[in-house]
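Visitor: Residue numbers (our numbering): 849 to 1085. Quick reminder that beta carbons are idealized off the backbone N, C-alpha and C, glycines included. Keep in mind it's a predicted model, so treat the numbers as computed, not measured.
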Ligand code: PGA
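As structure tokens, then:
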């Protein structure tokens, strides 16, 4: 079984969400986590689908206009949260120190962080992929023990693959995922779950499912279409 995490980003408006919701019972599966926009969490309160956040604030709450705190997510029963997504880093200047603070806050509240890491096309072409991943993971795990790191799900998302339709070959994914798992085992003595993310869809899921070392997928665009994500989930059971 592979875990499927749907990252709906900022794609949905109310009409699209209602259409998506019409097939929600099909999504009540133990291998799926849906991360909708915060404004739509309440739409799923009667559904049995597991929910996750897409981000939390580095603030603890209180006077922080426009932010969503970790405590707020916890208070409505959210049990997973994406953290350090490349779009947060690129568009909103999230630093690796911020990501580290967020991961710790989530763990404190017993929310499972889904920590994103990945290289840009330029970094890949310069042969720097592994160095970048090590830097990002070391920064995100700073000052944490192996019991904490065991609870984190890591998502390897090459930035050049997100939303582009380009994906690495299975051999390349195996190489990178194995490298990350070995690094985390060696340095932190932790066995992490590792997802692949970047342009996963119904057309490539059968090929990707041939990779044993990957524990699941973080899926953006294809997670906004109820029929497509349902079929993907079923193929991952
Ligand atoms: P994508 O996004 O599936 O649309 O490429 C993945 C992600 O950004 O998590």
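Can you list, in chain order, the stretches of the beta strand (DSSP E) that have 3 or more residues and sit fully within the segment 1056-1083?
Guide: Within the segment 1056-1083, the complete beta strand (DSSP E) runs of at least 3 residues are 1064-1067.
Visitor: Rounded to the nearest angstrom, how far is the Cβ of residue 934 from that of residue 1028, given a contact under 8 Å?
Guide: Between residue 1028 and residue 934 the Cβ distance is about 16 Å, and since that is not below 8 Å, they are no contact.
Visitor: Taking DSSP's pairing of strands, which residues face residue 929 in a bridge?
Guide: According to DSSP, which records beta bridges pairwise, residue 929 is partnered with 901 and 961.
Visitor: Please report the residue range of the alpha helix (DSSP H) in which residue 1044 lies.
Guide: No alpha helix (DSSP H) contains residue 1044, which is instead part of the beta strand (DSSP E) from 1041-1045.
Visitor: Is any non-hydrogen atom of the ligand PGA found closer than 7 Å to the C-beta of residue 1066, if you look at the structure I gave you?
Guide: For the ligand PGA, at least one heavy atom lies less than 7 Å from the Cβ of residue 1066.
Visitor: Could you tell me which residues DSSP pairs with residue 1003 in its beta bridges?
Guide: In the DSSP output, where bridge partners are listed per residue, residue 1003 has 964 and 1043.
Visitor: Ends of the alpha helix (DSSP H) at residue 1049?
Guide: Neither: residue 1049 is in no alpha helix (DSSP H) and is coded neither H nor E.
Visitor: With a cut-off of 8 Å, do at least 3 Cβ pairs link the segment 953-968 to the segment 917-929?
Guide: The segment 953-968, when compared against the segment 917-929, does touch it at the 8 Å Cβ threshold.
Visitor: Out of 872, 954 and 1041, state which residue places its alpha-carbon closest to the alpha-carbon of residue 1003.
Guide: That would be 1041, whose Cα lies nearest to the Cα of residue 1003.
Visitor: Counting C-beta neighbours from all protein chains within 10 Å, is the total for residue 1085 16 or more, i.e. buried, or is it exposed?
Guide: Per the 10 Å Cβ criterion, exposed.
Visitor: Taking 7 Å as the limit between beta carbons, can you name the residues of its chain near residue 1052, skipping five residues before and five after?
Guide: Correct list, in chain order: 1015.
Visitor: Rounded to the nearest angstrom, how far is the Cβ of residue 916 from that of residue 895, given a contact under 8 Å?
Guide: With a Cβ gap of about 20 Å, residue 916 and residue 895 do not count as contacting.
Visitor: Between residue 953 and the rest of its own chain, which residues show a CB-CB distance below 6 Å, the 5 nearest in sequence each way excluded?
Guide: Excluding positions up to five away in sequence, the list reads 918.
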